[in-house]
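Take the position in the sequence shown, starting the count at 1, then add 9; the result is the number in the working numbering. Step one of this worksheet: look at the structure below.
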Amino acid sequence: MNALAVTGGRVLHPDGRVSEADVLIDADAGRIEAVGEDVTAGREIARTLDAEGGLVMPGLVNGHTHVSMTLLRGYADDKPLESWLREDIWPVEAELTDDDIAAGAELGILEMIRSGTTTFADMYFSMDRVAEVVERAGVRARLGRGVVAVGKEEAEARADLEGSLEFARTYDGAADGRIRTAFMPHSLTTVPENLLTEGIELAAEDDLWVHLHANETTDEVEPIVEKHGVRPLEYAADRGALGPDRFLAHGVHVDGTETELLAETDTSVIHCPASNMKLASGIAPVQRLREAGVTVGIGTDGAASNNDLDLFDELRDAAMVGKIGADDASAVPAAAVVEMATSDGADAIGLPGGRIETGAAADLIVVDLEAPHLTPAHDVVSHLAYAVRGSDVRHTVCDGTVLMRDREVTTLDAATVMDRAAEHAADLVARAEE
10 MNALAVTGGR VLHPDGRVSE ADVLIDADAG RIEAVGEDVT AGREIARTLD
60 AEGGLVMPGL VNGHTHVSMT LLRGYADDKP LESWLREDIW PVEAELTDDD
110 IAAGAELGIL EMIRSGTTTF ADMYFSMDRV AEVVERAGVR ARLGRGVVAV
160 GKEEAEARAD LEGSLEFART YDGAADGRIR TAFMPHSLTT VPENLLTEGI
210 ELAAEDDLWV HLHANETTDE VEPIVEKHGV RPLEYAADRG ALGPDRFLAH
260 GVHVDGTETE LLAETDTSVI HCPASNMKLA SGIAPVQRLR EAGVTVGIGT
310 DGAASNNDLD LFDELRDAAM VGKIGADDAS AVPAAAVVEM ATSDGADAIG
360 LPGGRIETGA AADLIVVDLE APHLTPAHDV VSHLAYAVRG SDVRHTVCDG
410 TVLMRDREVT TLDAATVMDR AAEHAADLVA RAEE
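So this is what it looks like as structure tokens:
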């Protein structure tokens, strides 16, 4: 066994306990071999990561993002979703090249590795280029090409649908299994009924997952109610868009009937609190969803509407806005948001990880707790939700491979990635504003 040991720290266990323990990893298999005291005794250890003064916890799971939108960070702010998309984002996205998307993906994945995210779900364009970066960077992802039919002729929209399905079929299982895919229609209002139904049926024939935006704003609810006479998730269910291998982004404007429908169909929801606040989309009923038995993960959404990919920020946002939404200070507690960003997030998007236990995928991070803003440490889980920053992450491991050691990313050259992304971003905006 090619053994990697994470030693000298405390471990966050799946039941929420924190104890002093080491973690032994089979790096070749990408699996946790043992967790506990003295697990390295008598073993030949190839490499060691020092966790002294730190907490070993599962790598974070960013359940919904558009990673290449890092190139548009700060490009358009302080506008509601519909005008933000139509007036700013979609016009500049029309100028994106494959190389732009690769440069943005490198930047976003670098940011996620440095802030403790090992796994993410991504919907965008030129996803073959994103997949190449995922493979090279060593992270885990569920990827899909987004289908947007707004403003397109039938033939062009159909080509988008076929392209999304073809990408999903071709790349599922790539990067030694670290890449899984999904058919990803953008939303219930940006893909017409016939294409949505057809795409989901074809995806089901190949056992592909499905991911889309749903109920993000009232503008995504009212048109469906007016046209079809049912709530959006009832409309989605009738077209096969709900089920255990489906997950929805946002789920802000979800009523009681839709909550029950999500629970009955075992459909997961990815909560994106920062994006929802920034675009004034509303407050998702996370406490109600969880109480109903719905699996809820956490996502950053794209960097253009956040404006960073630090999932620890999202934990704090989710806990705090969840209390406002429920009018209850005990709602969405610290332990819940940690679960949402780890085990529940992994379950929601159907990927391994999210747990530090024997046999689990070796996706983990070490959070350095020796900092003024983390002292004293009365409750480490509370700190993870309310005080830890992405910059507190010391080491990042995915699939048994060390992606960052002592804040130094090993799979991407940070300076080169940032320089290339800045150059592509500047050129992109210049083209869009000609």
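For every residue, glycine included, the Cβ atom is placed at its ideal position computed from N, Cα and C. Quick caveat, the model's predicted, so the values are computed rather than measured.
Its chain contains Leu80, His433, Leu437 as the residues whose beta carbon lies nearer than 7 Å to that of Asp109, once the 5 sequence neighbours on both sides are disregarded; these appear in chain order. In this structure, Thr57 lies away from Ala312, with their beta-carbon atoms at least 9 Å apart. Ranked by how close their Cα comes to the Cα of Ala212, the residues Val426, Ala85, Leu174 have Leu174 in first place. As the crow flies, the alpha-carbon of Val239 is around 22 Å from that of Val159. With contact defined as three or more Cβ pairs closer than 8 Å, the stretch 270–278 and the stretch 26–36 are not in contact.
The bridge partners DSSP lists for Pro67 are Leu373. By DSSP's assignment, Arg149 forms a beta bridge with Thr128.
When only Cα atoms are considered, Glu162 and Thr198 end up about 16 Å apart.
Restricting attention to Glu96, Glu42, Ala289, Thr126, the CA atom closest to the CA of Gly308 is found in Thr126. Assigned with DSSP and collapsed to three states, Val263 falls in coil, not helix or strand.
Take Met413, set aside five residues on each side of it, and the residues of its chain with a beta-carbon closer than 7 Å to its own are Ile122, Arg123, His404, Thr405, Thr419, in chain order.
When beta bridges are read from the DSSP output, Asp31 appears opposite Gly45. If you draw a 10 Å sphere on the C-beta of Asp353, you find 16 or more other C-beta atoms in it, and that means buried. Shown here, Ala272 sits in a helix according to DSSP, grouped into three states. Spanning the alpha carbons of Leu205 and Ala246 requires a straight line of approximately 12 Å. Secondary structure of Met413 (DSSP, three-state): strand. In this structure the stretch 320–327 does not lie against the stretch 296–303, because fewer than three pairs of beta carbons, one per stretch, are closer than 8 Å. Between Ala250 and Glu202, the alpha-carbon positions lie close to 11 Å from each other. Each of Thr128, Leu217, Ile118 was checked against the Cα of Arg154, and the nearest Cα belongs to Leu217. Between the stretch 83–100 and the stretch 132–150 there are fewer than three C-beta pairs closer than 8 Å, too few to call the two in contact.
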